[in-house]
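**Student:** Numbering (our numbering), first residue to last: -2 to 317. Structure below; questions to follow.
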Amino acid sequence: MPAESKASSSIAHIAADRLWQFQLRKENKAILDELKDHDKKRISLLETNQNRFEAGEDRILKLEAKITQLEQEHNKKMQAWEKFKNEQRAQTTELKLQIFMHATETLKLDEICKIMKERVSMTTSENQDMTSSRNLISENKNSNIRHLRSHCQTINEDGRSQVAELGKRPGFKEKNIAKKPEVRTEKKSIKQNLFIPRPKNGAEESKLPKLSQGRVRLRLYYQQADSICSSSMSSTEQFETEFVNSFIKGISNYKAREKFIAHLQQIYPSKQKKDGRVEILCSWAELGEAIKTFGALGEKNSVCKSKKQRCIPSKDPVKT
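Laid out in structure tokens, this is it:
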């Protein structure tokens, strides 16, 4: 009996062990099948994702190529537009210059004729003044010489009569010696009165003052210089031209001075010196008229600029 119980217990144990092994194999097989399914799904997902990635890369490359092509076309169009704008600007400036030159040619001819007439009249008046001053100087010299001769003759006659009277009196030598220096002093005083200083050259007379604009406006600067010009003694044409050019040289702003010189060159004749400076050939009154026209043009340009700035919409916020 105990042997049979032992045998039955061992058989039961073996059976249970086999069942357990069978169950484990079954579970392991199910797990392996699941793992295989998951592996297949993973591989299929990888393939689909790889295909999608390759398709996305192809699309990106195509889009980049299209973008580069569009950028090149845009650059070409912008270059053509800039070229067209530059050509239009050049054509408009040429047209403006042609219109301005055509309008100013008639004015220039009239102005040149007027300036030439004024210069001819001024040169004739200067020549007349010079000849009249020379005649006056020569007449004064002749009259002074005649007066000197007559005075010397009277002095000699008086001296002779005094010598004749004193020769009869005693102490003649002492009185004669005392009277000699008085005659000499009289002659010296006559010579000093007859001395007439010669007129100085125009270059010495017309010592130009240094003009400087400083921080005042152009019209106020012209008024200050006008008071200096009116107070000066000389009023010749050369003095006026030199005064005009010193006034232009005294303008403090370089750009404004160059613009004003260009404006004057359009109206009045000019010449260029050896050092490169431009000399304007006009009178002081003509310079005043040019300053008025130059100021009116500057005001018109400022008004046009302000209108353009009002019309253009500002993209950025206005900075106060």
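We treat Cβ as the ideally placed atom computed from N, Cα and C, and that holds for glycine. It should be emphasised that the depicted structure is a prediction, and the values quoted were computed from it without experimental measurement.
#1: If we require 3 or more residues per run, which beta strand (DSSP E) segments fall completely within the stretch 222 to 260?
#2: Beta carbon of residue 245, beta carbon of residue 257: below 9 Å?
#3: Quick one: residues in its chain with C-beta nearer than 8 Å to the C-beta of residue 248, no 5 flanking neighbours on either side, listed in chain order?
#4: Taking the alpha carbon of residue 224 as the point to measure from, which residue in 96, 206, 39 and 40 has its own alpha carbon closest?
#5: Is it the case that the Cβ atoms of residue 287 and residue 265 are separated by a distance below 9 Å?
#6: Please name the residue or residues paired with residue 267 in a DSSP beta bridge.
#7: Given this structure, state the Cα-to-Cα distance separating residue 33 from residue 47, to the nearest angstrom.
#8: DSSP on residue 214, reduced to helix/strand/coil?
#9: Under the assumption that residue 243 contacts residue 208 (Cβ atoms under 8 Å), give the Cβ distance between them as a whole number of angstroms.
#10: Measure the Cβ-Cβ separation of residue 233 and residue 276 and say whether it is below 9 Å.
#11: Quick one: what's got a C-beta closer than 7 Å to residue 74's C-beta in the same chain, skipping five residues either side?
#12: By the 10 Å Cβ neighbour count, where 16 or more other Cβ atoms means buried, how is residue 222 classified, buried or exposed?
#13: Evaluate residue 50 with the Cβ neighbour count: other Cβ atoms within 10 Å of its Cβ, from every protein chain shown; 16 or more gives buried, anything less gives exposed.
#14: How many angstroms separate the CA atom of residue 20 from the CA atom of residue 31?
#15: Quick check: what's the CA-CA separation for residue 282 versus residue 240?
#16: Does DSSP classify residue 30 as helix, strand or coil?
#17: Would residue 60 be called buried (16 or more neighbouring beta carbons within 10 Å of its own) or exposed?
#18: By DSSP, does residue 289 sit in helix, in strand, or in coil?
#19: By a C-beta neighbour count over all protein chains shown, 10 Å radius and 16 as the cutoff for buried, is residue 58 buried or exposed?
#20: So, residue 263 versus residue 101, is the Cβ gap smaller than 9 Å?
#21: Give the C-beta separation of residue 278 and residue 268 to the nearest angstrom, bearing in mind that I take them to be a contact with Cβ-Cβ under 8 Å.
#22: Do you know offhand how far residue 7's Cα is from residue 23's?
#23: Helix, strand or coil, according to DSSP, for residue 205 in the structure here?
#24: Using CA coordinates, which residue listed in 289, 290 and 280 is at the minimum distance from residue 114?
#25: Going by DSSP in three states, residue 67 sits in which element: helix, strand or coil?
#26: Classify residue 272 as helix, strand or coil using the three-state DSSP reduction.
#27: Keeping to the same chain, check which residues put their C-beta closer than 7 Å to that of residue 226; ignore five residues upstream and five downstream.
#28: What residues in its chain sit with their C-beta under 8 Å from that of residue 260, if we drop five residues either side in the sequence?
**Tutor:** In brief:
#1: none
#2: Translated into the one-based positions of the sequence shown, residue 245 becomes position 248. Translated into the one-based positions of the sequence shown, residue 257 becomes position 260. Yes, the Cβ-Cβ distance between residue 245 and residue 257 is below 9 Å.
#3: Numbered from its first residue, the sequence shown carries residue 248 at position 251. Cβ within range, chain order: 210, 215, 218, 254 and 257.
#4: What you label residue 224 is simply residue 227 of the sequence shown in a count that begins at 1. Checking every option, the nearest Cα to that of residue 224 belongs to 206.
#5: Stepping through the sequence shown from its first residue, residue 287 is reached at position 290. Stepping through the sequence shown from its first residue, residue 265 is reached at position 268. Using a Cβ distance threshold of 9 Å, residue 287 and residue 265 count as a contacting pair.
#6: Start at 1 with the first residue of the sequence shown, and residue 267 comes out as number 270. Residue 267 is bridged to 277.
#7: In the sequence shown, residue 33 corresponds to position 36, counting from 1. In the sequence shown, residue 47 corresponds to position 50, counting from 1. Their Cα atoms are separated by approximately 21 Å.
#8: As a first step, residue 214 is located in the sequence shown; it is residue number 217 there, counting from the start. DSSP places residue 214 in coil when its eight states are reduced to three.
#9: Walking along the sequence shown from the start, residue 243 turns up at place 246. Walking along the sequence shown from the start, residue 208 turns up at place 211. Approximately 5 Å separates the beta-carbon atoms of residue 243 and residue 208; this is inside 8 Å, confirming the contact.
#10: Looking up residue 233 in the sequence shown gives position 236. Looking up residue 276 in the sequence shown gives position 279. With contacts defined as CB atoms closer than 9 Å, residue 233 and residue 276 fail to qualify as a contacting pair.
#11: Looking up residue 74 in the sequence shown gives position 77. No residues qualify anywhere along the chain.
#12: Counting from 1 along the sequence shown, the entry for residue 222 is found at position 225. When all chains shown are included, residue 222 counts as buried.
#13: Here residue 50 refers to the residue found at position 53 when the sequence shown is read from its first residue. Residue 50 counts as exposed, since fewer than 16 other beta carbons sit within 10 angstroms of its beta carbon.
#14: To locate residue 20, count along the sequence shown from 1; it is residue 23. To locate residue 31, count along the sequence shown from 1; it is residue 34. Rounded to whole angstroms, the separation of the alpha carbons of residue 31 and residue 20 is 17 Å.
#15: Counting from one through the sequence shown, the residue named residue 282 turns up at place 285. Counting from one through the sequence shown, the residue named residue 240 turns up at place 243. Their Cα atoms are separated by approximately 12 Å.
#16: By 1-based counting over the sequence shown, the position of residue 30 is 33. Note: residue 30 maps to helix in three-state DSSP.
#17: Translated into the one-based positions of the sequence shown, residue 60 becomes position 63. Counting Cβ neighbours within 10 Å, residue 60 comes out exposed, since fewer than 16 surround it.
#18: Translated into the one-based positions of the sequence shown, residue 289 becomes position 292. Helix.
#19: Locating residue 58 in the sequence shown gives position 61, counting from the first residue. Classification of residue 58: exposed, given that the 10 Å Cβ count is below 16.
#20: Stepping through the sequence shown from its first residue, residue 263 is reached at position 266. Stepping through the sequence shown from its first residue, residue 101 is reached at position 104. Yes. Within cutoff.
#21: To locate residue 278, count along the sequence shown from 1; it is residue 281. To locate residue 268, count along the sequence shown from 1; it is residue 271. Right, the Cβ-Cβ distance comes to about 7 Å (below 8 Å), so this counts as a contact.
#22: One-based indexing of the sequence shown puts residue 7 at position 10. One-based indexing of the sequence shown puts residue 23 at position 26. Their backbone Cα atoms lie some 24 Å apart in a straight line.
#23: Sequence index remark: in the sequence shown, residue 205 carries index 208 (1-based). DSSP places residue 205 in coil when its eight states are reduced to three.
#24: Locating residue 114 in the sequence shown gives position 117, where the first residue counts as 1. Of 289, 290 and 280, the residue nearest in Cα terms is 280.
#25: Indexing the sequence shown from 1 puts residue 67 at position 70. Assignment of residue 67 by DSSP, reduced to helix, strand and coil, places it in the helix class.
#26: The count along the sequence shown starts at 1 and reaches residue 272 at position 275. If DSSP states are grouped into helix, strand and coil, residue 272 belongs with coil.
#27: Taking the first residue of the sequence shown as position 1, residue 226 is located at position 229. Only 240 and 281 meet the Cβ criterion.
#28: Position 263 of the sequence shown holds residue 260. Excluding residues within five positions, the ones whose Cβ falls inside 8 Å are 287, 290, 291 and 294.
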